[in-house]
Amino acid sequence: MSARSSAGPRVDAREKTSGRALYLADIPVPDALSVRFLLSPLAHARIRSLILPHLPPGIISVDARDVPGKNAVSMIKENWPLFPEQEVSYVGQPVLLLAGPDPALLSQLLGQIVVEYQELPAVTSISEADASGPDHVFARYHLDFKAQNQQGGQHAKQDELVFEETFATGAQEHLYLEPQAVLAQVLDGRLEVTGSMQCPFYVRKALTTITGWDAGRIRVIQSVTGGGFGGKEDFPSVLAGYAAVTAIKAGKPVRIVLQRREDLAMTTKRHPSRITYRTTLDRAGNIRFARAEILTDGGAFEGLSSTVLQRAMFSAAGVYRIPRMRVAARALRTNLVPSGAFRGFGSPQAFFAMEMHMSHLARSRRENPLAFKKRFLLRRGDQTITGGLLRDPVKLEEMIETAAAASDYHDKYKRFPQERGELRRGIGVSLFSHGCGFTGSGERDIIKARVRLRRTAGNRVEILAASVEMGQGTLTVLRTIVARTLCIPVSRVVFSNPDTDHVPDSGPTVASRTVMVVGALLQRAARRLKELPEEEAEVEEEYTQPPEMAWDQETFTGDAYPAFSWGVNIVEVEVDPLTFEVFPRHVWAVYDVGEAIDEELVRAQCEGGIVQGLGYALTEVLEVGNGRYLQGSLTDYVIPGSRDIPEIDVSFVSNPYAYGPFGAKGAGELPFTGPAPAVADAVEHALGIRVDRIPLRPEYLEAKTP
Amino acid sequence: MKVTFQVNGTTVSVETEPLTRLLDILRAQPGLTGTKEGCGEGECGACAVLLNGEVVNSCLLPAGSLEGASVTTIEGLRDTARYSTLEDSFGRHGGVQCGFCTPGFMIASAALLRENPSPADAAIRVALSGNLCRCTGYTGIIEAVKSAGRIPEKKQ
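Chains as they are written, first to last, in my numbering: chain A, 1 to 706; chain B, 707 to 862.
Here you go:
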């Protein structure tokens, strides 16, 4: 384990703690109009007629007819309509909006709008969508992997044992504490949009389509952002669209701050999944062949569903060497609020299913799950499921030893089932990885990140990059990388929230790429700047792909990611055998994130990821009823609180990555993936059951327990 | 109706509807936007303030109940010695990430330390259970409060 390294306190801590930081709702804009949305009450319906009440002067309504450009939000495609034209496709879809100075009056007027809907059949589950034909498929992929130099698939049929099982994971809400918010105004013929967001250049691109204005007339500025977790990757483009169209029509600044219930109803969720594994073992318990079918619920509009599905697929083999594997994957269209980006991006669903499946294979052979999993660990030089080469050391064995020793795993695994306490105890394990950065050649071919460094008088250096601070520490860590490279104090490095008028497009703040990709570009820029003798100087760097990387996006073969971060979680739980409530008591987590730039920052981010992952596994229920997610407020959607969390021990192994700044790889998403399968494994151990879905609701556990 | 009460030691008189939320009254005052709205229904604690010394969610407090009350927001708390101790401690222990919940945690933590200057883990967890954080997983926050409790109060 490496020693603790901290560059010092976060640069933004004091401002936030004291309440001085201005989030979007805090910025004084005296004449800004407020907005209230009319949301669809039906999952699928044709709008037959819509009658507005008389609107007093100063209040306007905005709908599809007011969109000056194309009525579509650009994500990967342009198939997310800003407003419906004839049909509504999910409960919570904005039909129109009212804007005016007094939000209370807007709410009153909303209640007077009369809409006549003709209800249409709605599809609100993966199984219904699966049975509804090609019209309900957003994306469909196949992967067929055969490892070189490994025996697989060639075996006598009588030596086979086939295990098949299906897993389900639920939707999840990001629940960033700051609800989505944006401000739009037209200033001197240009559109200026400020907001809580992860991707200023995504928002600018979406606004060019919606307004029909060219990018030079649109300026996007990130405001202090109160959490994102992926939820402010895609949806801010939608919300900025509403604000921009309204500001253009009204000729006044427009500020939208979603109320929490609106945020829950309107914004994207983690993709629910249904994943089936069918695995063939030989008599000795070696995995010969595995098939996986991955179905995800994309909701009503495609958004990022295709790329989320790809990452799920590339995670389907877990961290194991499987000689032969086939994956069939589909992202399906339903009449639920669209699913979107969320920390892990499809990978947590696949890892939950694969880790549980591996545990079940072990239990069916009366083997210890960890011992069984260790038989198949990927090693340096092995191929990934896409045929990519693991060029860097894989330290899983060492990480497992560390976690097992710290948690006393093996002893507890034997001891807990013998105990007869009031609460049942169990211990579980998960092994996982996360591919860092965009999939395949996305960084080179799509993102093409650029950064600039500018040195001004007095040896002050300014970072010009589009990466945002949303809580994870970007402002601190990117400054640290530059300062350390230039051998100057961090206080000499300036870095403001990105403004598309002033910074180059260094890509979105997503995909665990900020430190590894943008940070590496900044380090390169800083090295060049260091060599320049002039007091005032500027350098620009553009992304170049590691030369040994090869990827074919058509066949999904080659190096799906330039590097992987790795993790081991061991979780100890207590389960109440009467109420079936699960209490996570202790989490031991060991990560390989290359080399942490600031270990305390990463540790804090990992602890948050673990707790968000425990929520995903245990209490965060979004259940479908009446064609919508029933949990619509913080009263019934339960995220972990201070009394719910276990002891958490986080440690790191050092495994420097050649192309990362100071050896760093991605770390933001990785810690989310481990807790769900580890806690489910622990619950299986405690109750002697097999778990095939999350969240682990008490009713479900009770029904499973003999 | 007219309501007169104290905010951070200053007398404030506002003309308002009886059901207007304290949160909205505060945020409408210049420079008092440190009190945040996270849910608007008393679940998240981002809008926590001290009302006559007790932690309350200002989103649930109607103007009609404020006559003569004394309210302390983060802007008032931040001038105290206890606040400085907490601020340093939150910074050192990774208790601040996106920061949206942090002013509310400051209010709840300061109220705890006033009652119980060196609280144990369990007491901290209970005292902070009305505040939600989505970034830190609470571990850093609990450490921060514990550590602040061990530091003797600076003189005002």
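Cβ coordinates follow ideal geometry from the N, Cα and C atoms, glycine included.
Using a Cβ-Cβ cutoff of less than 6 Å, which residues in the same chain neighbour residue i once the five nearest sequence positions on both sides are dropped?
{"i": "residue 123 of chain A", "result": "129, 132, 334, 335"}
{"i": "residue 861 of chain B", "result": "Here the model assigns residue 861 of chain B a pLDDT of 42, short of 50, so the residue's position is not dependable, and the following value carries that caveat. If we look at residue 861 of chain B and ignore the five residues flanking it on each side, it has no Cβ neighbours."}
{"i": "residue 280 of chain A", "result": "160, 162, 288, 289"}
{"i": "residue 237 of chain A", "result": "73, 202, 203, 206"}
{"i": "residue 212 of chain A", "result": "68, 69"}
{"i": "residue 278 of chain A", "result": "164, 291"}
{"i": "residue 200 of chain A", "result": "220, 222, 466, 498, 500"}
Give me the Cα-Cα distance between residue i and residue j, rounded to the nearest whole angstrom.
{"i": "residue 737 of chain B", "j": "residue 78 of chain A", "result": "41 Å"}
{"i": "residue 243 of chain A", "j": "residue 66 of chain A", "result": "12 Å"}
{"i": "residue 344 of chain A", "j": "residue 434 of chain A", "result": "8 Å"}
{"i": "residue 808 of chain B", "j": "residue 793 of chain B", "result": "10 Å"}
{"i": "residue 517 of chain A", "j": "residue 661 of chain A", "result": "8 Å"}
{"i": "residue 830 of chain B", "j": "residue 318 of chain A", "result": "38 Å"}
{"i": "residue 679 of chain A", "j": "residue 584 of chain A", "result": "7 Å"}
{"i": "residue 607 of chain A", "j": "residue 647 of chain A", "result": "10 Å"}
{"i": "residue 726 of chain B", "j": "residue 763 of chain B", "result": "14 Å"}
{"i": "residue 189 of chain A", "j": "residue 500 of chain A", "result": "17 Å"}
{"i": "residue 843 of chain B", "j": "residue 604 of chain A", "result": "8 Å"}
{"i": "residue 543 of chain A", "j": "residue 527 of chain A", "result": "15 Å"}
{"i": "residue 303 of chain A", "j": "residue 331 of chain A", "result": "11 Å"}
{"i": "residue 369 of chain A", "j": "residue 86 of chain A", "result": "53 Å"}
{"i": "residue 819 of chain B", "j": "residue 855 of chain B", "result": "6 Å"}
{"i": "residue 2 of chain A", "j": "residue 427 of chain A", "result": "Bear in mind that a pLDDT of 32 at residue 2 of chain A, under 50, signals an unreliable position, so the model cannot answer this."}
{"i": "residue 741 of chain B", "j": "residue 600 of chain A", "result": "28 Å"}
{"i": "residue 398 of chain A", "j": "residue 841 of chain B", "result": "28 Å"}
{"i": "residue 757 of chain B", "j": "residue 775 of chain B", "result": "7 Å"}
{"i": "residue 32 of chain A", "j": "residue 746 of chain B", "result": "21 Å"}
Take residue i and list the residues in its own chain whose beta-carbon comes closer than 8 Å to its own, dropping the five residues that flank it on each side.
{"i": "residue 283 of chain A", "result": "159, 161"}
{"i": "residue 226 of chain A", "result": "23, 176, 177, 178, 196, 470, 471"}
{"i": "residue 621 of chain A", "result": "170, 631, 637, 638, 695, 697"}
{"i": "residue 120 of chain A", "result": "44, 45, 46, 87"}
{"i": "residue 10 of chain A", "result": "473, 475, 476, 601"}
{"i": "residue 390 of chain A", "result": "378, 379, 380, 381, 382, 383, 384, 564"}
Just list the residues that DSSP pairs residue i with in beta bridges.
{"i": "residue 142 of chain A", "result": "A:328"}
{"i": "residue 556 of chain A", "result": "DSSP output for residue 556 of chain A lists no bridge partner at all."}
{"i": "residue 582 of chain A", "result": "A:575"}
{"i": "residue 709 of chain A", "result": "Residue 709 of chain A lies beyond the residue range present for chain A, which begins at 1 and ends at 706; the question has no answer from this structure."}
{"i": "residue 708 of chain B", "result": "B:721"}
{"i": "residue 768 of chain B", "result": "B:727"}
{"i": "residue 35 of chain A", "result": "A:99"}
{"i": "residue 763 of chain B", "result": "B:754"}
{"i": "residue 569 of chain A", "result": "A:430, A:589"}
{"i": "residue 563 of chain A", "result": "A:436"}
{"i": "residue 383 of chain A", "result": "A:389"}
{"i": "residue 376 of chain A", "result": "Per DSSP, none; premise fails for residue 376 of chain A."}
When burial is assigned at 16 or more other CB atoms within 10 Å of the CB, is residue i buried or exposed?
{"i": "residue 12 of chain A", "result": "buried"}
{"i": "residue 486 of chain A", "result": "buried"}
{"i": "residue 446 of chain A", "result": "exposed"}
{"i": "residue 4 of chain A", "result": "Caution applies to residue 4 of chain A, whose pLDDT of 37 falls short of 50 and renders its modelled position unreliable; the value that the coordinates give is listed next. Exposed: under 16 other Cβ atoms inside 10 Å."}
{"i": "residue 552 of chain A", "result": "exposed"}
{"i": "residue 708 of chain B", "result": "exposed"}
{"i": "residue 49 of chain A", "result": "exposed"}
{"i": "residue 307 of chain A", "result": "buried"}
{"i": "residue 418 of chain A", "result": "exposed"}
{"i": "residue 260 of chain A", "result": "buried"}
{"i": "residue 51 of chain A", "result": "exposed"}
{"i": "residue 95 of chain A", "result": "buried"}
Skipping 5 residues on each side, what residues in its chain have a beta carbon closer than 7 Å to that of residue i?
{"i": "residue 762 of chain A", "result": "There is no way to answer for residue 762 of chain A, as the model of chain A reaches only from 1 to 706."}
{"i": "residue 557 of chain A", "result": "386, 387"}
{"i": "residue 174 of chain A", "result": "229, 230, 231, 342"}
Taking 6 Å as the cut-off, is the CB of residue i close to at least one heavy atom of the ligand ZN?
{"i": "residue 709 of chain B", "result": "The ligand ZN is absent from the structure shown, which contains no ligands of any kind."}
Check your understanding: Can you give, in chain order, each stretch of the alpha helix (DSSP H) that sits fully within the segment 77-135 of chain A and has at least 4 residues?
Key -> Contiguous alpha helix (DSSP H) elements confined to the segment 77-135 of chain A occur at 103-110, 126-130, taking only those with 4 or more residues.
Check your understanding: Which ranges would you report for the alpha helix (DSSP H) in the segment 302-373 of chain A if only whole runs of at least 4 residues count?
Key -> Listed in chain order, the complete alpha helix (DSSP H) runs (minimum 4 residues) inside the segment 302-373 of chain A are 305-314, 347-364.
Exercise for review: Could I get the ranges of all uninterrupted alpha helix (DSSP H) runs contained in the segment 804-850 of chain B, with 4 residues as the minimum, in chain order?
Suggested key: List check, alpha helix (DSSP H) in window: 808-821, 827-833.
**Study point:** Those runs of the beta strand (DSSP E) which lie wholly inside the segment 233-295 of chain A and span at least 3 residues
**Key:** Entirely contained in the segment 233-295 of chain A, the beta strand (DSSP E) runs reaching 3 residues are, in chain order, 254-257, 273-281.
Exercise for review: Quick one: which unbroken alpha helix (DSSP H) runs of 4-plus residues sit fully inside the segment 446-506 of chain A? Chain order, please.
Suggested key: DSSP runs (the alpha helix (DSSP H)) wholly in the segment 446-506 of chain A: 474-486.
Check your understanding: Hey, which unbroken runs of the alpha helix (DSSP H) at 4 residues or more fall wholly within the segment 166-242 of chain A?
Key -> List check, alpha helix (DSSP H) in window: 200-211.
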